[in-house]
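See below for the structure under consideration.
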Amino acid sequence: MCMERLVKTFSFRILSSNDSSTAEQRNATDDLIKKVIKMNTEENNNISLFRILHYTRFRLQSLQEKPSSNRAGEKCGRTALCH
Numbered sequence: 043m044c045m046e047r048l049v050k051t052f053s054f055r056i057l058s059s060n061d062s063s064t065a066e067q068r069n070a071t072d073d074l075i076k077k078v079i080k081m082n083t084e085e086n087n088n089i090s091l092f093r094i095l096h097y098t099r100f101r102l103q104s105l106q107e108k109p110s111s112n113r114a115g116e117k118c119g120r121t122a123l124c125h
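In the working numbering, the protein residues as written are 43 to 125.
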């Protein structure tokens, strides 16, 4: 199982893009959360699952630290991405 499974999705590309609108960011967030939930129910190997989720969290945290003109001054309303 590839650790980059979630970060290679279209949703993650939208989240990491500075060119996407707030609505696109919200839709991408919702879609990524659905993918995480689906993966949690389908994946049998807990070690692989942990590694994928940990790596995805690391990449999401690096996105939080990246300045964005679209999200300047906004608080994170998506606790799944914050914690």
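For every residue, glycine included, the Cβ atom is placed at its ideal position computed from N, Cα and C.
Quick caveat, the model's predicted, so the values are computed rather than measured.
- If you draw a straight line from the Cα of Q106 to the Cα of L57, it comes to about 10 Å.
- Leaving aside the five residues that flank Y97 on each side, the residues in its chain whose CB is nearer than 6 Å to its CB run, in chain order, M45.
- In this structure, V78 sits away from L102, with a CB-CB distance that is not shorter than 8 Å.
- Distances from the alpha-carbon of R99 to those of T64, N88, I75 and N86 put I75 closest.
- L91 has its alpha-carbon roughly 10 Å from the corresponding atom of E84.
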